[in-house]
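The sequence shown runs contiguously to residue 187 in my numbering.
For every residue, glycine included, the Cβ atom is placed at its ideal position computed from N, Cα and C.
This report concerns only the one structure given below.
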Amino acid sequence: MPHPQETIDIWSVEGRFQHLVYSPKGGIEGVLIDTDGIATQFVFDRHDEAAAAAFAGLRPGQALVIEGAEQGPSPKGTDRDAAHTVYQFERLVSVDGLAPADTPAGQQIAGTVVRLNYARHGEANGVVLDTGDFVHTKPDGFVRLGLKVGDKVLAEGRTQALSTGGGRVVEAVRVNGRRVEERQEA
């Protein structure tokens, strides 16, 4: 006898990014958006680092289109209603009308250097920008680039949210158009 198939309605929701939603252990477990004055929450699957990374660099107020399936009542058995509609995150469709980057390696962050960052052994390994973002260059890259406090920086590379929730870290491939690592000749 065939099994009945369950269908899941996927909704496309437009709104403005408000902020990340944190788990009790400090991870990113979702986002809150404003949809015409109404709060709407999207939650990620547990340990979905890719979903968290897709939202890590967003600024409050950016226009988003997100797809998700509406969540039912809390599985914890409480009789309290949710404060707002909650969706299970499926995918980020657009940010400010543009498709999100297909590869995190192509992401950019920009700002002004406010301080240096140091590796465990004490060598400078990158810079922190006025945006709160950390540009990781490794010690050799830092020396090669010659960055200092007050420099304007445009860094390209793979990004993810800082564990503090305030900014991103970019594993820099290019800074101000210059490669961080020297190419090896064959």
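Non-local beta-carbon contacts of Val94 in its own chain, meaning distances under 7 Å to residues more than five positions away in sequence, involve Ser13, Val66, Ile67 and Glu68 in chain order. Judged by DSSP in its simplified three-state form, Phe45 adopts coil rather than helix or strand.
Secondary structure at Leu65: strand, using DSSP grouped into helix, strand and coil.
Approximately 6 Å separates the beta-carbon atoms of His85 and Gln42; this is inside 8 Å, confirming the contact. If you draw a 10 Å sphere on the C-beta of Val150, you find fewer than 16 other C-beta atoms in it, and that means exposed.
Put simply, the backbone Cα of Thr138 is about 36 Å away from that of Glu15. In this chain, the alpha helix (DSSP H) harbouring Lys139 covers Lys139 to Leu146. Judged by beta-carbon spacing, Pro140 lies within the 7 Å limit of Glu124, meaning their Cβ atoms are closer than that value. Across the structure, Gly27 and Asp152 are spaced so that their CA atoms are roughly 32 Å apart.
Spatial neighbours of Gly168 in its own chain (CB-CB distance under 6 Å, excluding positions within 5 residues in sequence) are listed in chain order as Gly133 and Asp134. Between the alpha carbons of Val181 and Ala54 lies a distance of about 22 Å. 7 Å or more divides the Cβ of Val136 from the Cβ of Arg116. In this structure, DSSP gives Ala125 an extended state, which the three-state scheme calls strand.
Ala84 carries a coil assignment under DSSP once its states are collapsed to helix, strand and coil.
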